[in-house]
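What follows is one structure encoded as structure tokens, with my remarks underneath.
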Amino acid sequence: GQQVMQIPQYQHVQEGEDFTTYCNSSTTLSNIQWYKQRPGGHPVFLIQLVKSGEVKKQKRLTFQFGEAKKNSSLHITATQTTDVGTYFCAGNSGGYQKVTFGTGTKLQVIP
Amino acid sequence: KAGVTQTPRYLIKTRGQQVTLSCSPISGHRSVSWYQQTPGQGLQFLFEYFSETQRNKGNFPGRFSGRQFSNSRSEMNVSTLELGDSALYLCASSYGGSGGNEQFFGPGTRLTVL
């Protein structure tokens with residue numbers, strides 16, 4: 261079945277440093293979503309990418325979808341303590357197939 | 068619009084018992100998915116219901132079952148509880164016309180099995 265892996269599993273950064281998490285799927289994806297889960301909270305939708313090579317920005321966050329639509333990345337510029345949480349990618353192979361969540365990257369920001 | 072609600076929020080059971088969790092999706096959403104979240108395993112997909120039919124299923128034993136009602140509310144049942152079933156159970160709703168729609172998660176039910 262479809263597998264979605266994320267690296268790194270954990271990341272500690274100093275406040276102000278950049279952060280990147282990478283997502284890799286074993287199969288070609290129809291689209292990919294990114295979610296953020298704050299400590300003690302539930303996953304919250306951030307964005308969806310659909311097109312090959314697509315790049316989207318949300319303030320300090322930049323999301324990319326690979327040309328082959330099998331990988332994606334989330335880059336945060338100049339991290340802040342409010343960025344703390346676990347970031348999940350979630351891939352869908354199209355049609356009515358289920359969404360498969362990645363393993364998640366837990367980000368800790370040191371003030 | 069009200070968000071996704073889950074009841075109860077916390078539950079303590081003993082091994083061998085059974086439990087039923089409830090999820091009310093956002094109004095208008097027809098798809099409800101259930102996930103199990105544990106520190107070591109991340110978000111594991113249990114099943115998805117759309118218009119009262121199970122549309123997708125994860126790799127969980129038959130002890131885990133679910134259903135969806137005509138108003139899109141969904142229930143998840145776990146029978147013969149095991150210690151390893153202790154987890155946060157999250158449900159998520161979406162419009163569900165096709166896979167890959169934005170999912171809105173509820174706050175979860177924290178199940179502890181003693």
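Protein sequence lines, in the order shown, are assigned to chains A and B.
So for the first sequence, the working numbering puts the first residue at 261; every next one is plus one.
So for the second sequence, the working numbering puts the first residue at 68; every next one is plus one.
We put the beta carbon where it would ideally sit given N, CA and C, even for glycine.
Predicted model, so just to flag it, every value in this text is computed and none were measured.
Can you give the Cα-Cα distance for residue i and residue j, rounded to whole angstroms?
i      : j      : result
A:F305 : B:S153 : 25 Å
B:S131 : B:Q103 : The displayed chain sequence assigns Phe, not Ser, to residue 131 of chain B. Their Cα atoms are separated by approximately 11 Å.
A:N284 : B:G107 : 19 Å
A:S286 : A:P268 : 17 Å
A:Q266 : A:L334 : 11 Å
A:I220 : B:G163 : Here chain A has residues from 261 to 371 only, and residue 220 of chain A is not among them.
A:H302 : A:Q263 : 22 Å
B:L178 : B:S141 : 17 Å
B:L88  : B:N168 : 23 Å
A:D278 : A:Q324 : 16 Å
A:R298 : A:C349 : 15 Å
B:S137 : B:S118 : 7 Å
A:H272 : B:L78  : 33 Å
B:K80  : B:L155 : 14 Å
A:G326 : A:S312 : 6 Å
B:R122 : A:G276 : 44 Å
A:Q274 : B:T105 : 27 Å
A:S332 : B:S139 : 32 Å
B:T120 : B:R97  : 10 Å
A:P371 : A:G300 : 20 Å
B:Q135 : A:V310 : 29 Å
A:Q293 : A:G351 : 6 Å
B:V145 : B:F171 : 23 Å
A:T322 : A:Y270 : 19 Å
B:A69  : B:C90  : 13 Å
B:T60  : A:K296 : Any property of residue 60 of chain B remains undetermined from this structure, which presents chain B solely from 68 to 181.
A:A328 : B:G83  : 47 Å
B:L101 : B:E115 : It is Trp, not Leu, that sits at residue 101 of chain B in the sequence shown. For B:W101 and B:E115, the distance between alpha carbons rounds to 6 Å.
Any beta carbon from chain B within less than 7 Å of residue i's own beta carbon?
i      : result
A:K296 : no
A:K358 : yes
A:H272 : no
A:G364 : yes
A:F361 : yes
A:F239 : For residue 239 of chain A there is no data in the structure shown, the boundaries of chain A being 261 and 371.
So, does the CB of residue i fall closer than 7 Å to a CB anywhere in chain A?
i      : result
B:N123 : yes
B:P174 : yes
B:G109 : yes
B:E115 : yes
B:F112 : yes
B:E119 : no
B:L157 : yes
B:E142 : no
B:E149 : no
Are residue i and residue j close, meaning C-beta to C-beta below 7 Å?
i      : j      : result
B:F127 : B:L113 : yes
A:K319 : A:T346 : no
B:S161 : B:V71  : no
A:T341 : A:V359 : no
B:L157 : B:G175 : yes
A:R330 : A:T288 : Before going further, note that residue 330 of chain A is Lys rather than Arg in the sequence given. Taking 7 Å as the Cβ cut-off, A:K330 and A:T288 qualify as a contacting pair.
B:P92  : B:V86  : no
B:G109 : A:G364 : yes
A:S290 : A:G354 : yes
Who pairs with residue i in a beta bridge, going by DSSP?
i      : result
A:I370 : A:Q274
A:F279 : A:I336
B:T120 : B:F117
A:Q324 : A:V315, A:S333
B:R177 : B:Y77, B:L155
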